[in-house]
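Asker: Residue numbers (the UniProt record's numbering): 1 to 632. Dropping a structure here in structure tokens format, bear with me for questions.
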């Protein structure tokens, strides 16, 4: 090992960092230590002690650091010497190999070249004489003609075999290319057919070689819009097939059932495509699209059902129940197969078909609204995601059905109320105000666009009540499940009878409006009776008969009284019940025996009761009975 050499490096002295200006030094001292007037003997002593302690700690730390630096320097020096030894060892080995090769080449050419002898090592010259090794070119011997002929035949055979192998491989490659071209032609022809059929075909962004088809609805909710895409695979014969992941899963459909008093009376199920092995790719895409549409429909129905649970809508695992009223319930079941145990009823089946068709039309209308929103100016961006509002699918249908049921029930009660008036011969009628608002007509599902337009408009109906004396009153029915109605409400127009003025009123229930109609009809009969009494008085005045002047004492109770000497001698009371019209006449004269006569008109006819005697089926009208009472 050679002696180590030491190199000395002169480090230039640094310029003093502090300035020699005493004014600047004094300012620095004042800034660091404070003003000189704050210096005390005690502070200087404590500062001196602190400096002594700090100097001792720094000295101990410097000693420890010096020991660590000595150990580190020694280890570094040892690693350097070890690396130097390894490098010298490898250099010696390489030098030995080079010298051996030089000796071999020099010995080989030493016979022809004299200068080569000088490059031989002394040890080689002593061990081996010069010129011991030599090299010369040997010419190949000519082969016999038989061997040459045999080699020529062999080489020709190998060439023929190579040509046959190449021809076979080229033929196979040509066949493979032809089949690939036919497969690609068939594949892209079917892709073009899908595009011509209206399906949107595009490449996959992550894989430019893959092709997919969009079978979903671009206006659907994000969780369904992203799923409406399937990869198109190429089979061995070149035909297009859907990816297996898209064909997985069960196909469920929305079935509608109508129940009356707990018994299913009607049902409607969508027509499902028949399964066949030869169904085309377009039919498979149509089934996937319809299945996803059904899934989105039930998903949106469940979302809306949660916010209208207070309107008689309940949700189960795979079903939603709607309470229509009068024991009618509609069940929306999301399952693979329909329930076959359903009693057949034409009206209930029509209602089920109406509900199923309306739900799908409303979801399609919601998609159209989403498409229209995309053409508008977007809303400002926010940090929080905007919630997706629930579609109005259940509410329009439930409003329409409840409105129809309410109108049918109201119309039935009106006809029951008017039958006694027909038997009594009173010209009173209640008719719908316009054929378009007559919801007592049956449902029709032949024209889907008319169904959708009817659901989009407010549910309302009106009827006209024609009274005696050419008085007319209208009754409007409005149904809305949202605020402020939350159901059905009736409105009646104002009416003036002279002795009583009825303002424009709102009625919250059917019972309330029917009670009001009975009150209106009672006041109308009272007004009609008053007119008859006035006509009778005019006739009595012209004939100079004994004047019988009936006085209307309690109009809202339908009571008339005949006074004599300031006392009531006869009383007449008109009453209207839900199924009858009554006239009760009472004799209250103290000089005679009390007597009561009752006329009652029902849907079957008129009945007269005089004390204990009853005459059924009396052909007496209301005006005739009033005339008999007035004349006495």
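Ideal Cβ placement from N, Cα and C applies to all residues, glycine included.
1) So, helix, strand or coil for residue 437, using DSSP?
2) Closer than 6 angstroms by C-beta to residue 586: which residues in its own chain qualify, once you throw out the five before and the five after it? Chain order, please.
3) Could you give the distance in angstroms between the alpha-carbon of residue 608 and the alpha-carbon of residue 406?
4) Using CA atoms only, rank isn't needed, just tell me which of 465, 320, 302, 423 is closest to residue 389.
5) Which of the three DSSP states, helix, strand or coil, is assigned to residue 207?
6) For the stretch 251-259 and the stretch 331-348, state whether three or more C-beta atom pairs, one from each stretch, are separated by less than 8 angstroms.
7) Please name the residue, chosen from 78, 509, 212, 180, that lies closest to residue 192 on a Cα-to-Cα basis.
8) Straight-line CA distance for residue 627 to residue 348?
9) Rounded to whole angstroms, what's the CA-CA distance from residue 372 to residue 365? Just pull it up for me.
10) How would you write the range of the alpha helix (DSSP H) that residue 292 sits in, first residue to last?
11) Roughly how many angstroms lie between the CA atoms of residue 594 and residue 531, to the nearest whole one?
12) Please state whether the Cβ-Cβ distance between residue 520 and residue 468 is less than 8 angstroms.
13) Going by Cα to Cα distance, which pick from 271, 114, 409, 423 is closest to residue 353?
14) Enumerated in chain order, which unbroken segments of the beta strand (DSSP E) with a length of 3 residues or greater are wholly contained in the stretch 522-595?
15) Please report the straight-line C-alpha distance between residue 602 and residue 576, rounded to a whole angstrom.
16) Roughly how many whole angstroms lie between the Cα atoms of residue 598 and residue 549?
17) Can you tell me whether DSSP reads residue 473 as helix, strand or coil?
18) Where does residue 432 fall in DSSP's three states?
19) Taking the alpha-carbon of residue 234 as reference, which of 584, 186, 261, 324 has the nearest alpha-carbon?
20) Give every residue of the same chain whose Cβ lies closer than 7 angstroms to the Cβ of residue 194, excluding the five residues on either side of it in the sequence, and list them in chain order.
21) Residue 477 and residue 410: beta carbons closer than 8 angstroms?
22) Mind checking residue 600: buried by the 16 CB within 10 Å criterion, or exposed?
23) Secondary structure at residue 505, three-state DSSP: helix, strand or coil?
24) In this structure, does DSSP put residue 134 in helix, strand or coil?
25) Three-state secondary structure (DSSP) at residue 187?
26) Under the assumption that residue 606 contacts residue 618 (Cβ atoms under 8 angstroms), give the Cβ distance between them as a whole number of angstroms.
27) Residue 556: which of 565, 250, 522 sits nearest, CA to CA?
28) Out of 269, 292, 134, 524, point me to the one whose CA is closest to residue 221's CA.
29) To the nearest angstrom, how far is the alpha carbon of residue 327 from that of residue 308?
30) Label residue 57 either buried or exposed according to how many other C-beta atoms from any shown protein chain fall within 10 Å of its C-beta, with 16 as the threshold for buried.
Answerer: This is what the structure holds:
1) Numbered from 1 along the chain shown, position 437 holds the residue referred to as residue 437. Since pLDDT at residue 437 reaches only 46, below the 50 mark, its modelled position is unreliable, and the value read off the structure follows with that caveat. The three-state secondary structure of residue 437, taken from DSSP, is helix.
2) Your numbering for residue 586 matches position 586 in the chain shown. 571, 596, listed in sequence order.
3) On the chain shown, residue 608 is found 608 positions in, with the first residue counted as 1. On the chain shown, residue 406 is found 406 positions in, with the first residue counted as 1. About 36 angstroms.
4) Counting from one through the chain shown, the residue named residue 389 turns up at place 389. Proximity to residue 389 across 465, 320, 302, 423 peaks at 302, based on C-alpha coordinates.
5) As a first step, residue 207 must be located in the chain shown, where it is residue number 207. Three-state DSSP puts residue 207 in a strand.
6) With the cut-off at 8 angstroms, the stretch 251-259 and the stretch 331-348 touch.
7) Here residue 192 refers to the residue found at position 192 when the chain shown is read from its first residue. With respect to the C-alpha of residue 192, the residue from 78, 509, 212, 180 having the closest C-alpha is 212.
8) Stepping through the chain shown from its first residue, residue 627 is reached at position 627. Stepping through the chain shown from its first residue, residue 348 is reached at position 348. If you take the alpha carbons of residue 627 and residue 348, they lie about 51 angstroms apart.
9) Within the chain shown, numbered from 1, the residue matching residue 372 stands at position 372. Within the chain shown, numbered from 1, the residue matching residue 365 stands at position 365. C-alpha of residue 372 to C-alpha of residue 365: approximately 11 angstroms in a straight line.
10) Here residue 292 is taken as the residue at index 292 of the chain shown, counted from 1. First-last of the alpha helix (DSSP H) with residue 292: 281-307.
11) Taking the first residue of the chain shown as 1, we reach residue 594 at position 594. Taking the first residue of the chain shown as 1, we reach residue 531 at position 531. When rounded, the distance between both Cα atoms is 27 angstroms.
12) For the purposes of this step, residue 520 is taken as the residue at position 520 of the chain shown. For the purposes of this step, residue 468 is taken as the residue at position 468 of the chain shown. At a Cβ-Cβ threshold of 8 angstroms, residue 520 and residue 468 do not count as neighbours.
13) For the purposes of this step, residue 353 is identified with residue 353 of the chain shown, where counting begins at 1. Measuring from the Cα of residue 353, the nearest candidate turns out to be 271.
14) Listed in chain order, the complete beta strand (DSSP E) runs (minimum 3 residues) inside the stretch 522-595 are 550-554, 559-564, 567-577, 580-587.
15) Locating residue 602 in the chain shown gives position 602, counting from the first residue. Locating residue 576 in the chain shown gives position 576, counting from the first residue. If I take the Cα positions, the gap works out to 10 angstroms.
16) Indexing the chain shown from 1 puts residue 598 at position 598. Indexing the chain shown from 1 puts residue 549 at position 549. If you take the alpha carbons of residue 598 and residue 549, they lie about 21 angstroms apart.
17) Position 473 of the chain shown, counted from the first residue, corresponds to residue 473. When DSSP states are grouped into helix, strand and coil, residue 473 belongs to the strand group.
18) Within the chain shown, residue 432 is the residue found at index 432, counting from 1. If DSSP states are grouped into helix, strand and coil, residue 432 belongs with the strands.
19) Looking up residue 234 in the chain shown gives position 234. If you compare the alpha carbons of 584, 186, 261, 324 with that of residue 234, the shortest gap goes to 186.
20) In the chain shown, the residue the question calls residue 194 occupies position 194. Excluding sequence neighbours, residue 194 sits near 201, 213, 281, 282.
21) Here residue 477 refers to the residue found at position 477 when the chain shown is read from its first residue. Here residue 410 refers to the residue found at position 410 when the chain shown is read from its first residue. Cβ distance < 8 angstroms, so residue 477 and residue 410 count as in contact.
22) Walking along the chain shown from the start, residue 600 turns up at place 600. Counting of Cβ neighbours within 10 angstroms places residue 600 among the buried residues, the total reaching 16 or more.
23) Here the question's residue 505 lines up with position 505 in the chain shown. Here DSSP, grouped into helix, strand and coil, assigns residue 505 to strand.
24) Along the chain shown, read from residue 1 onward, the residue named residue 134 stands at position 134. In the structure shown, residue 134 sits in coil (DSSP, three-state: anything other than H, G, I, E or B).
25) By 1-based counting over the chain shown, the position of residue 187 is 187. Shown here, residue 187 sits in a helix according to DSSP, grouped into three states.
26) As a working note, residue 606 is residue 606 in the chain shown. As a working note, residue 618 is residue 618 in the chain shown. Between residue 606 and residue 618 a beta carbon distance of about 5 angstroms is seen, short of the 8 angstroms cut, so the two are scored as contacting.
27) Start at 1 with the first residue of the chain shown, and residue 556 comes out as number 556. Here the closest residue by C-alpha is 522.
28) As a working mapping, residue 221 is identified with position 221 in the chain shown. The alpha carbon of residue 221 has as its nearest neighbour, out of 269, 292, 134, 524, the alpha carbon of 292.
29) Within the chain shown, the letter at position 327 stands for residue 327. Within the chain shown, the letter at position 308 stands for residue 308. Answer to the nearest angstrom: the Cα atoms are 19 angstroms apart.
30) Taking the chain shown and counting its residues from 1, one reaches residue 57 at position 57. Under this definition residue 57 is an exposed residue.
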